[in-house]
Amino acid sequence: MKQIGKEELERGSGAEGKRSLVAVGGKVYDVTSSKLWRNGLHVKTHKAGRDLSLAIKAAPHGTEVLDRFEQVGVLAEEEAAEEEKVAKPPLLVEKLLEQHPHPISVHFPIALSIVAALFMALFLVLRKDSFETFTLYCIVLATLAAPVSISTGLLSWIYNYSRVWTRIYRVKTALSIVLVILQISALVIRLVIVSGPDLSSPVYWVYAVLALAMAPTVMALGYFGGKITFPS
Amino acid sequence: MSEQTKQLERLIEVIVRMIPKERQARDVYRDTAAWAPTEMTRILFEHLSLEEEKHESKLQAVLKILQKELAEAKKKSKS
């Protein structure tokens, strides 16, 4: 069968009386006779003179519609589009993802951060030292839990969500970074700089604000996570 | 970000949300077909599993097309 290169395929655009050629799966078809390919345009979207292998996979019909057309050649080897396989995770990762690690792990930093903020607020109002201590413990645990959530979220993004980089994933990434910064900054201040709950110290108030800020941050992360998972 | 870019991103987010659901549906039907008590139900669930696989393939193809369109739209808006 005749080998058809990219330039010859492109000349089969169907425009100005030219014939309409389309390539699918390495085969080149002449669709000039089809009413659905007038002037080399199909459903106002697809143009002749191109490799439509990918487009036909997304079409409401399959390749069977090409059976009625004459195959006039095969795409020259260097032009044939390589079939892109969907990235399959390694077996261990696949088995891990089946256990839904991200939905499980996110509950820990979310709950701990909200509780930390709540007990910080209670401490600021009631001045009970035990509330302040509990806040610290919650922040420590939330900080330890965050990397697990983030890494499972990353795995999910790579293998379940095809690494798309749209607004929602940018926002989640930014919020995750903000959360980690809040957590580490809070712990550095509380464990290294201040010696204990000291409301007369401006630095301690920075710690208090950081602790309180964790709650809206994790709630926003949860909200956008929900938007990814559930249709609105 | 142009309106076209925003719309393409939203479409991509929809597609990407649905692909794992098609995969899960496929797995549920396939696993059910494995223990289906009658020949009729086994054939039915195997058929449903194949349909979900076709849906996933279509969504994967649409995703690739939309990602290309998004890349082109972003290039256009930068120039």
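In order, the protein sequence lines correspond to chains A and B.
Plus 3 on top of the position in the first sequence (first one is 1) and you've got the numbering used here.
Plus 230 on top of the position in the second sequence (first one is 1) and you've got the numbering used here.
The beta carbon of each residue, even a glycine, is placed where N, CA and C say it ideally should be.
Bridge-paired residues (DSSP) for residue i
i: E135 (chain A); result: Note: E135 (chain A) sits in no beta bridge, so no partner.
i: S108 (chain A); result: Note: S108 (chain A) sits in no beta bridge, so no partner.
i: K47 (chain A); result: Its beta-bridge partners do not exist; DSSP assigns none.
i: R272 (chain B); result: DSSP output for R272 (chain B) lists no bridge partner at all.
i: L24 (chain A); result: A:D33
i: L78 (chain A); result: A:I7
i: R170 (chain A); result: Bridge partners of R170 (chain A): none, in fact.
i: E73 (chain A); result: A:D33
i: E16 (chain A); result: Glu is not the amino acid found at residue 16 (chain A); the sequence shown has Ser there. S16 (chain A) pairs with A:S23.
i: R53 (chain A); result: A:V25
Closer than 7 Å at the beta carbon, the chain A residues around residue i
i: S287 (chain B); result: K60
i: V246 (chain B); result: Y164, S165, V167
i: P250 (chain B); result: N163
i: A291 (chain B); result: L57, K60, A61
i: E239 (chain B); result: T169, R170
i: I295 (chain B); result: L57, A58, A61
Residue i: contacting residues in chain A (beta-carbon distance under 8 Å)
i: I242 (chain B); result: V167, T169
i: E320 (chain B); result: Residue 320 (chain B) lies beyond the stretch modelled for chain B, which goes from 231 to 309, so this question has no answer here.
i: K304 (chain B); result: In chain order: nothing, as chain A lies at least about 11 Å away.
Limits of the unbroken beta strand (DSSP E) element including residue i
i: L194 (chain A); result: Here L194 (chain A) belongs to no beta strand (DSSP E), and DSSP marks it neither H nor E.
i: Y164 (chain A); result: Segment: none, Y164 (chain A) is in no beta strand (DSSP E) and carries neither H nor E.
Residue i, enclosing alpha helix (DSSP H) - first and last residue
i: Y259 (chain B); result: 233 to 265
i: V206 (chain A); result: 205 to 232
i: K60 (chain A); result: 56 to 60
i: V68 (chain A); result: No alpha helix (DSSP H) holds V68 (chain A); DSSP gives it neither H nor E.
i: E101 (chain A); result: 94 to 101
Proximal residues of chain B, C-beta to C-beta of residue i below 9 Å
i: I107 (chain A); result: Per Cβ cutoff of 9 Å: no residues; I107 (chain A) is ~16 Å from chain B at best.
i: I231 (chain A); result: E243, V246, R247
Counting Cβ pairs, one atom from each stretch, are 3 or more of them under 8 Å apart for the region 50 to 61 of chain A and the region 21 to 30 of chain A? Three or more Cβ pairs drawn from the region 50 to 61 of chain A and the region 21 to 30 of chain A lie within less than 8 Å of each other, which places the two stretches in contact.
Counting Cβ pairs, one atom from each stretch, are 3 or more of them under 8 Å apart for the region 279 to 295 of chain B and the region 196 to 216 of chain A? no
Between the region 215 to 232 of chain A and the region 115 to 135 of chain A, do three or more beta carbon pairs fall short of 8 Å? Verdict: yes, contact present.
Spell out a yes or no on whether the region 90 to 106 of chain A and the region 193 to 211 of chain A are touching, meaning 3 or more CB-CB pairs, one atom from each, closer than 8 Å. no
Contact between the region 120 to 128 of chain A and the region 164 to 180 of chain A: three or more CB pairs below 8 Å? no
Given 8 Å, three or more beta-carbon pairs between the region 248 to 255 of chain B and the region 132 to 140 of chain A: The region 248 to 255 of chain B, when compared against the region 132 to 140 of chain A, does not touch it at the 8 Å Cβ threshold.
Pairs of beta-carbons, one from the region 235 to 248 of chain B and one from the region 258 to 276 of chain B, closer than 8 Å: are there three or more? no
Three CB pairs or more closer than 8 Å across the region 189 to 205 of chain A and the region 266 to 274 of chain B: no
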